[in-house]
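Numbering (the UniProt record's numbering), first residue to last: 1 to 187. All C-beta atoms, glycine included, are put in the ideal place defined by N, C-alpha and C. No experiment lies behind these values; they were computed from the predicted model shown. Heads up: the structure comes next, in structure tokens.
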Amino acid sequence: MSLLQTLLQRQAIRAYDGRPIEKEKIEQLLEAAILAPNDRLREPWHFYVIQGAAKERFNQLAQDFLLERFPTKPHLVEESMKNVLATPLIIVATSQIIEGDEASSLDNDYAVSCAIHSMWLMASELGLGFVWRTRGVGLARDERLKAFLSLSDQEKVIGSLFIGYPTDEATPRTVRKPITQKTTWVE
1 MSLLQTLLQR QAIRAYDGRP IEKEKIEQLL EAAILAPNDR LREPWHFYVI QGAAKERFNQ
61 LAQDFLLERF PTKPHLVEES MKNVLATPLI IVATSQIIEG DEASSLDNDY AVSCAIHSMW
121 LMASELGLGF VWRTRGVGLA RDERLKAFLS LSDQEKVIGS LFIGYPTDEA TPRTVRKPIT
181 QKTTWVE
């Protein structure tokens, strides 16, 4: 399959059948990640692999977060938790913060974003579903996740990556605007 075909087929998959992900596949995802471009070869990423007992603790964190955020919407909490509980693997991607150098820290965030995209493409090749979550159950901006992972003050969560074998449920294809609407040729 061509790279363009892979990119055309890439999509956010949120429904998983719950099967565990083989260690070899997890390692391939991580290998793909570290090949991402990064400013001055700082390799500013770190990946926290959450599965098994740690995943059970993450599930509780997510539920506590949702109950706190949506106390009057139990159906929303239940629906969100259904997907969290079926996700067998979560990888939290962090970026290195460089004290006193906001521009380099931002470059690091971009590099980690590229690493996440590389993982997403690899997941597609491996037959895995993948979604990059930041808000909601991604907990990227929640202090509880930072405490759960014992992050240092020099680490910033860029996203929580929910990964699993997709269910048979069809995920609707998104339609993108044509490139002509998003391009200006500067002469």
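**OP:** Confirm, please, whether the CB-CB distance from T94 to Y48 is below 9 Å.
**Re:** Reading the sequence shown from its first residue, position 48 is the one you call residue 48. Reading the sequence shown from its first residue, position 94 is the one you call residue 94. For Y48 and T94, yes; Cβs fall inside 9 Å.
Original post:
Leaving out the 5 sequence neighbours to the left and right, which residues in its chain are closer than 8 Å to A123 when beta-carbon positions are compared?
Top reply: Within the sequence shown, the letter at position 123 stands for residue 123. If we look at A123 and ignore the five residues flanking it on each side, its Cβ neighbours are L29, G129, F130 and I163.
Original post:
Measuring CA to CA, which of E125, E31, E78 and G18 is closest to Q11?
Top reply: Taking the first residue of the sequence shown as 1, we reach residue 11 at position 11. Closest option to Q11, Cα to Cα, is E125.
Subject >> the region 99 to 119 contacting the region 31 to 44, beta-carbon criterion three pairs below 8 Å >> reply: Result yes; three or more Cβ-Cβ pairs closer than 8 Å.
Original post:
For S160, which of helix, strand or coil comes out of DSSP?
Top reply: In the sequence shown, residue 160 corresponds to position 160, counting from 1. In the structure shown, the three-state DSSP call for S160 is strand.
**OP:** Name the two residues that bound the continuous beta strand (DSSP E) containing I26.
**Re:** Indexing the sequence shown from 1 puts residue 26 at position 26. Counting along the chain, no beta strand (DSSP E) covers I26; the unbroken alpha helix (DSSP H) around it starts and ends at K23 to A33.
Subject >> DSSP beta-bridge partners of P166 >> reply: Taking the sequence shown and counting its residues from 1, the one referred to as residue 166 is at position 166. Paired residues: Y16.
Original post:
Alpha carbon to alpha carbon, how far is L35 from A53?
Top reply: The residue labelled residue 35 in the question sits at position 35 within the sequence shown. The residue labelled residue 53 in the question sits at position 53 within the sequence shown. Taking the straight line joining both Cα atoms gives about 29 Å.
Original post:
Do Q154 and I116 have their C-beta atoms closer together than 9 Å?
Top reply: Reading the sequence shown from its first residue, position 154 is the one you call residue 154. Reading the sequence shown from its first residue, position 116 is the one you call residue 116. For Q154 and I116, no; Cβs fall outside 9 Å.
**OP:** Find the nearest neighbour of L4 within the set L121, N83, E78 and G100, judged by alpha-carbon distance.
**Re:** One-based indexing of the sequence shown puts residue 4 at position 4. Here the closest residue by C-alpha is L121.
**OP:** May I have the straight-line CA-CA distance separating A86 from D142, to the nearest angstrom?
**Re:** Within the sequence shown, the letter at position 86 stands for residue 86. Within the sequence shown, the letter at position 142 stands for residue 142. Straight through space, the alpha carbons of D142 and A86 are spaced by roughly 22 Å.
Original post:
CA-CA distance, L8 and I50?
Top reply: In the sequence shown, residue 8 corresponds to position 8, counting from 1. In the sequence shown, residue 50 corresponds to position 50, counting from 1. Cα-Cα distance, rounded: 29 Å.
**OP:** Please list, in chain order, all residues of the same chain as D17 whose beta carbon is under 6 Å from its beta carbon, the five residues on each side excluded.
**Re:** One-based indexing of the sequence shown puts residue 17 at position 17. Excluding residues within five positions, the ones whose Cβ falls inside 6 Å are Y165 and T167.
Subject >> Extent of the continuous beta strand (DSSP E) to which R133 belongs >> reply: Locating residue 133 in the sequence shown gives position 133, counting from the first residue. From DSSP, the beta strand (DSSP E) with R133 extends over G129 to R133.
Original post:
Could you give the C-beta distance for V157 and L145, rounded to a whole number, given that I count them as a contact under 8 Å?
Top reply: By 1-based counting over the sequence shown, the position of residue 157 is 157. By 1-based counting over the sequence shown, the position of residue 145 is 145. Contact flag correct, Cβ pair sits at about 6 Å.
**OP:** Just tell me which of P71, I91, I90 and S105 has its CA closest to the CA of D39.
**Re:** Position 39 of the sequence shown, counting from 1, holds the residue named residue 39. Ranking P71, I91, I90 and S105 by Cα distance to D39 puts S105 first.
Subject >> Burial state of I179 (16 or more Cβ within 10 Å) >> reply: Locating residue 179 in the sequence shown gives position 179, where the first residue counts as 1. Exposed, by the Cβ-count rule.
Original post:
Shortest alpha-carbon distance to Q96 belongs to which of S152, M119 and R133?
Top reply: Against the sequence shown, residue 96 aligns to sequence position 96. Of the candidates S152, M119 and R133, the one whose C-alpha sits nearest the C-alpha of Q96 is S152.
Subject >> Buried/exposed call for L67, threshold 16 Cβ in 10 Å >> reply: Position 67 of the sequence shown, counting from 1, holds the residue named residue 67. Answer is exposed; the Cβ neighbour count stays below 16.
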